[in-house]
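Trainee: One structure coming up, written as structure tokens, with questions to follow.
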Amino acid sequence: MKKLILSLLICAALVSCSEPMNENGHVIKVDIEDARPMELSDFVESIKLIPLETTDESLIKEIWRLVMQDGKVYIQNHLLNVLVFDENGKFLLSTAKRYGQGPEDYYMLRSMDITDDGLISIYEGYRIREYDMDLNLVNSYFPQLPDSIHSAQEMRKHIKLDKDTYLFRDYEYTSYYSVPKDSVFGIKHEYYHPNSAAIVNNLRLLKHQGEIFFSPTYICDTLYRVNQVEHRMEPVVIFDGGENDINLDELPSDMGFQYYMEYMMNTEKMFLLDKIHLPHADFCFLANVKDKKGGVTYQDKNGKVTTYTYSYDKTFFPVPNAIHENKLIYAAMPDVVERCIDVSLVDAESLERIKSLKEDDNQVLVCYQLKK
């Protein structure tokens, strides 16, 4: 059960930030001792539920990335495909027919992005393929990126900054690729805590309202914004958990992944998960797997900071899969949906749409409309 909860929380694995990068961001105190029970209505205005259509072609088990853009939902799934649904959850297409060894196919999917002009961008580990909505191959690029010491090809993320520039982020490097010049530039060596080298990483690059944010999903207290002019990461907000922060300096550096996983499942501390910065709010998600508890620290537009906690058998507020406009989007399995909502905030049509769902149907998008 603990491992299931850990998987639900992170949808990937662990990483820690190095202290030298935490110098210039706005600091928010995470006060677990003064936490209050979860009340979604304090910061959520309404909740809409969108069941994703379940067909033989659209089956989803694990979601590795989710993007909402221009009335469509794009999902990178565990089968190395990109699935596309409309804004009501109707299945539109899958890139499965382009997964192969043909001259216009892709053979691996390390990272997925959706460009501003609606192309599906697939990073294979050495090559980028861009497809239109008819799955025609539009562009292919071969960026020569620096090698990383920690399985860079397996966990490297990419995102298109503009029509001429891609950004790549792995365990060691932030790199930029110029499409017109076909060259990599602006390489920054930003290495994380050495003890986390034994821990599989998940890094998140997230585009929202014209800005791009970066953070390790796990045990990093800092959220970064990409300076798209100077091509560098800038700290935006730092969440200070005080004594509740996990200090990786106290952990051995020569242990395997299983050791760190067991540590995360049994620590008494409420450690920091993902971070989100919006014009009117900041969020930091928290977890204690041992006690089956979670939490969120929320700072509103007036600077008021509140920390909420919950147990997983009651209403909880999970780490979102995506941000769209003023909504946080979480993809929940049908049997989990009721624990992610406050029924008083959900419209009647949404509740009606989930009545007939079966346990093995595709996920339901829980769209939290935030208060401003």
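Note that the sequence shown covers residues 1132 to 1503 in the working numbering.
Virtual Cβ for every residue (Gly too), placed ideally from N, Cα, C.
1. Buried or exposed for residue 1474, please, with buried defined as at least 16 other CB atoms from any protein chain shown within 10 angstroms of its CB.
2. Mind reading off the beta-carbon distance from residue 1428 to residue 1438? Whole number of angstroms is fine, and I expect it under 8 angstroms.
3. Buried or exposed: where does residue 1521 fall if 16 or more other Cβ atoms within 10 Å of its Cβ makes it buried?
4. Buried or exposed: where does residue 1229 fall if 16 or more other Cβ atoms within 10 Å of its Cβ makes it buried?
5. Could you tell me the distance, in whole angstroms, from the CA atom of residue 1203 to the CA atom of residue 1383?
6. If residue 1160 and residue 1371 are in contact, beta carbons under 8 angstroms, what's the gap, nearest whole angstrom?
7. Using a threshold of 9 angstroms, state whether the C-beta atoms of residue 1220 and residue 1183 are closer than that.
8. Using DSSP with H/G/I as helix, E/B as strand and the rest coil, what is residue 1487?
9. Assuming contact is defined by CB atoms lying nearer than 9 angstroms, are residue 1342 and residue 1363 in contact in what I supplied?
10. So, for residue 1459: in the same chain, excluding its five sequence neighbours on each side, which residues have a beta-carbon less than 6 angstroms away from its beta-carbon?
11. Can you list, in chain order, the stretches of the beta strand (DSSP E) that have 3 or more residues and sit fully within the stretch 1210-1256?
12. Tell me residue 1084's beta-bridge partners as DSSP assigns them.
13. Around the C-beta of residue 1358, are 16 or more other C-beta atoms found within 10 angstroms, so that it is buried, or is it exposed?
14. Report the three-state DSSP secondary structure of residue 1187 (helix, strand or coil).
15. State the Cα-Cα distance for the pair residue 1101 and residue 1469, rounded to the nearest angstrom.
16. By DSSP, does residue 1283 sit in helix, in strand, or in coil?
17. Is it the case that the Cβ atoms of residue 1195 and residue 1239 are separated by a distance below 9 angstroms?
18. Pull up the distance between the alpha-carbon of residue 1167 and that of residue 1263, whole angstroms please.
19. Quick check on DSSP: helix, strand or coil for residue 1422?
20. By DSSP, does residue 1205 sit in helix, in strand, or in coil?
21. Is the distance from the Cβ of residue 1345 to the Cβ of residue 1300 below 9 angstroms?
22. How far does the beta strand (DSSP E) with residue 1270 in it extend, from its first residue to its last?
23. Answer with buried or exposed for residue 1433, where buried requires no fewer than 16 other C-beta atoms within 10 angstroms of its C-beta.
24. Per DSSP, what kind of secondary structure is residue 1199 in: helix, strand or coil?
25. Using alpha carbons as the reference points, say which of 1407, 1248, 1181 lies closest to residue 1337.
26. Can you tell me the Cα-Cα spacing of residue 1493 and residue 1290, whole angstroms?
27. With 16 other CB atoms within 10 Å as the buried threshold, where does residue 1235 fall?
28. Sort out for me which residues DSSP pairs residue 1168 with in a bridge.
29. So what does DSSP say about residue 1365, is it helix, strand or coil?
30. Just checking my contact of residue 1501 with residue 1174 at CB under 8 angstroms: how many whole Å lie between their CB atoms?
31. Looking at the structure shown, is residue 1359 part of a helix, part of a strand, or coil, going by DSSP?
32. Determine the contact status of residue 1211 and residue 1266, defining contact as a CB-CB distance below 9 angstroms.
33. Would you call the CB atoms of residue 1443 and residue 1421 closer than 9 angstroms?
34. Counting C-beta neighbours from all protein chains within 10 Å, is the total for residue 1418 16 or more, i.e. buried, or is it exposed?
35. Under a Cβ-count criterion, where at least 16 other Cβ atoms within 10 Å of its own Cβ denotes burial, should residue 1271 be classed as buried or exposed?
36. Spell out the partners DSSP gives residue 1309 in its beta bridges.
Mentor: The answer reads as follows:
1. Residue 1474 should be labelled exposed.
2. 5 angstroms
3. Because the chain is modelled from 1132 through 1503, residue 1521 falls outside the range shown and cannot be assessed.
4. buried
5. 45 angstroms
6. 5 angstroms
7. Yes, these two residues count as a Cβ contact at 9 angstroms.
8. coil
9. no
10. Excluding its 5 nearest sequence neighbours in each direction, residue 1459 has C-beta neighbours in its own chain below 6 angstroms: 1451, 1499, listed in chain order.
11. 1213-1217, 1222-1225, 1242-1245, 1251-1254
12. Shown here, the chain extends from 1132 to 1503; a query on residue 1084 therefore has no answer.
13. So residue 1358 counts as exposed.
14. coil
15. Summary: the structure shown does not reach residue 1101, with the chain confined to residues 1132 through 1503, and so no result is reported for it.
16. Residue placement at residue 1283 is poorly supported in this model, since its pLDDT is 48, which falls under 50; the coordinates are not used for a value here.
17. no
18. 47 angstroms
19. Shown here, residue 1422 sits in coil according to DSSP, grouped into three states, outside any helix or strand.
20. strand
21. Yes, the Cβ-Cβ distance between residue 1345 and residue 1300 is below 9 angstroms.
22. First-last of the beta strand (DSSP E) with residue 1270: 1268-1272.
23. Burial is judged here by how many other beta carbons sit within 10 angstroms of a residue's own beta carbon; residue 1433 has fewer than 16 and is exposed.
24. strand
25. 1407
26. 26 angstroms
27. exposed
28. 1440, per the DSSP bridge assignment.
29. strand
30. Between the beta-carbon of residue 1501 and that of residue 1174 there is about 6 angstroms, and that keeps the pair under the 8 angstroms contact cut.
31. If DSSP states are grouped into helix, strand and coil, residue 1359 belongs with coil.
32. no
33. Not in contact: residue 1443 and residue 1421 (Cβ atoms no closer than 9 angstroms).
34. buried
35. exposed
36. 1296, 1314
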